[in-house]
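Q: Please find one structure pasted underneath; my questions will follow.
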Amino acid sequence: MTPEDLRQQLAVMGVSCRIARDEVVVEICRECANPRWNLELNPIRGLYHCWSCGVGGRLDTLLRDWLNDPTLYIPVMSGGARKPHVVPKPTEFASEAIVDVPSAAHFLAKRGIDTRTSAHYGLVVCTEHDHLLFSRIVLPVRDFWTGELIGHVGRTYTNGYPKYLHTLPSRHVASGYRVRKLTTPCILVEGILDGIAVHRAGFQTAVLLGTAAPWAKDWAARLNPDTPIVILLDGAALEEATRLHWMLQTVRTTPVHLITLPVGHDPATFIPIVLTRLIEQRCVL
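Counted from 1, the sequence shown has number 90 at position 89 by the working numbering; the numbering is strictly sequential.
Printed below as a string of structure tokens:
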């Protein structure tokens with residue numbers, strides 16, 4: 002059975018799905034009902050897996066009930082079933098709200114983030130002396146597909162070194178903020194503060210946590226084809242942005258947009274209404 006064969010059979014049954022490389026990605030998981038295209042069916046390997054609830058196993062056992070075909074058999078390639086996707090729970094730590102740390106509140110205010118916005122996005126100051134992120138503004142990092150908390154990034158606001166530290170189990174995971182409407186553009190940015198600025202402007206955002214991300218190509222292939230992608234890195238990262246633009250365009254059937262900013266500027270430089278107009282005008286969305 003090819004991915005296209007499987008897609009057609011599921012479509013006949015009224016299942017919303019699409020093809021991404023060798024897999025058929027289903028919009029709603031039958032196990033956890035997550036509606037974010039997390040259920041992947043691989044007829045080539047004979048396996049299925051949901052990135053949200055972690056359920057997985059032999060594909061034919063799932064499809065026998067789904068397609069009402071008790072005799073269906075799909076061989077499993079050697080190597081066994083894929084291990085469930087388990088994200089370690091981030092370690093808790095003592096913290097204070099941004100509103101209670103005036104110097105941190107002032108630092109964020111200069112970047113357009115007031116105390117109400119800080120609270121909404123979960124920004125705090127770590128006050129646990131033995132913690133890696135002590136005395137830093139702590140930014141929660143959430144999985145792009147599920148919204149699950151996967152770790153934290155600590156940003157100095159007192160000219161400390163290094164500028165960033167993190168507690169992520171791996172940087173090989175897409176993080177960011179989504180919205181319900183699939184046709185809302187998704188903006189690729191470097192940092193979490195950039196991501197917050199873009200999300201406040203009404204867009205989806207995927208955060209690179211730098212200028213390179215090994216997950217970006219697979220992420221772009223998995224993203225709904227109706228979702229426009231816009232690359233919006235810092236003004237000094239033109240070479241990296243161009244390279245990323247070329248790479249993502251190889252796996253997308255629709256254009257990937259690239260917006261270049263002046264050197265010294267980043268998305269967090271702009272207030273939401275200006276950022277919205279910039280993206281809409283430059284990309285003719």
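Glycine included, each C-beta is placed from N, C-alpha and C at the ideal position.
(1) For my contact list, VAL25 and LEU42 are in at a C-beta cut-off of 8 Å; report their separation, rounded to the angstrom.
(2) Determine, for ILE75, whether the minimum Cβ-Cβ distance to residues of chain C falls below 8 Å.
(3) Using C-beta distances below 7 Å, list every residue in its chain close to ARG83, excluding the 5 sequence neighbours before and after it, in chain order.
(4) If distances are taken between C-alpha atoms only, which option among GLN9, ARG201 and ALA21 comes closest to GLN274?
(5) Pick from GLN9, ASN69 and ALA105: whose alpha carbon is nearest that of ASN160?
(6) With DSSP as the reference, identify every bridge partner of THR206, one or two as the case may be.
(7) If you compare alpha carbons, which of HIS121, SER119 and GLU129 is closest to PHE94?
(8) Quick check: the Cα distance between ASP219 and GLU281, rounded to an integer number of angstroms?
(9) Can you list, in chain order, the residues of its chain with a C-beta nearer than 6 Å to that of ARG65? Leave out the 5 residues immediately preceding and following it.
(10) Starting from SER96, trace the beta strand (DSSP E) in both directions and tell me its first and last residue.
(11) Short check: CB of VAL126 to CB of THR116, under 8 Å?
(12) What beta strand (DSSP E) runs, 3 residues minimum, are completely inside the segment 118 to 156?
(13) Have a look at ALA198, PRO103 and LEU210 and flag the residue whose alpha-carbon is nearest the alpha-carbon of GLY152.
(14) Can you check DSSP and say which residues form a bridge with GLY58?
(15) So, is VAL264 buried or exposed, given that buried needs 16 or more other C-beta atoms within 10 angstroms?
(16) Is the beta carbon of SER17 closer than 8 Å to that of ARG37?
(17) Residue range of the alpha helix (DSSP H) that LEU234 falls in?
(18) Does DSSP put PRO71 in a helix, a strand or coil?
(19) Based on Cα-Cα distance, which residue from PHE135, THR147 and THR185 lies nearest to TYR162?
(20) Are there three or more Cβ pairs, one per stretch, closer than 8 Å when the segment 183 to 199 is compared with the segment 226 to 242?
(21) Assuming TRP216 and ALA269 are in contact, meaning their beta carbons sit under 8 Å apart, how far apart are those beta carbons, in whole angstroms?
(22) Please list the terminal residues of the continuous beta strand (DSSP E) segment that includes ALA21.
(23) Which residues in the same chain have their Cβ closer than 8 Å to the Cβ of ARG1, if we skip the five residues on either side of it in sequence?
(24) DSSP three-state call for GLU5: helix, strand or coil?
(25) Beta carbon of ALA222, beta carbon of ARG46: below 8 Å?
(26) Taking DSSP's pairing of strands, which residues face LEU42 in a bridge?
A: Judging by the given coordinates:
(1) 4 Å
(2) Included in the structure is just one protein chain, with no chain C present.
(3) Reliability fails at ARG83, whose pLDDT of 47 lies under 50, so the model's placement of it is uncertain and the value that follows must be treated cautiously. LEU48, HIS50 and GLY57.
(4) The residue asked about is misnamed: residue 274 is Ile in this sequence, not Gln. For ILE274, the nearest C-alpha among the options comes from ARG201.
(5) ALA105
(6) TYR178 and ILE188
(7) GLU129
(8) 26 Å
(9) PRO71 and LEU73
(10) 96 to 98
(11) no
(12) 125 to 127, 138 to 143 and 150 to 156
(13) LEU210
(14) TYR49
(15) exposed
(16) no
(17) First-last for LEU234: undefined, no H or E at that position.
(18) coil
(19) PHE135
(20) yes
(21) With 8 Å as the limit, TRP216 and ALA269 do not qualify as a contact, their Cβ atoms being about 22 Å apart.
(22) 18 to 21
(23) Given that the chain is displayed from residue 2 to residue 286, the structure contains no residue 1 and the question cannot be resolved.
(24) helix
(25) no
(26) VAL25 and TYR49
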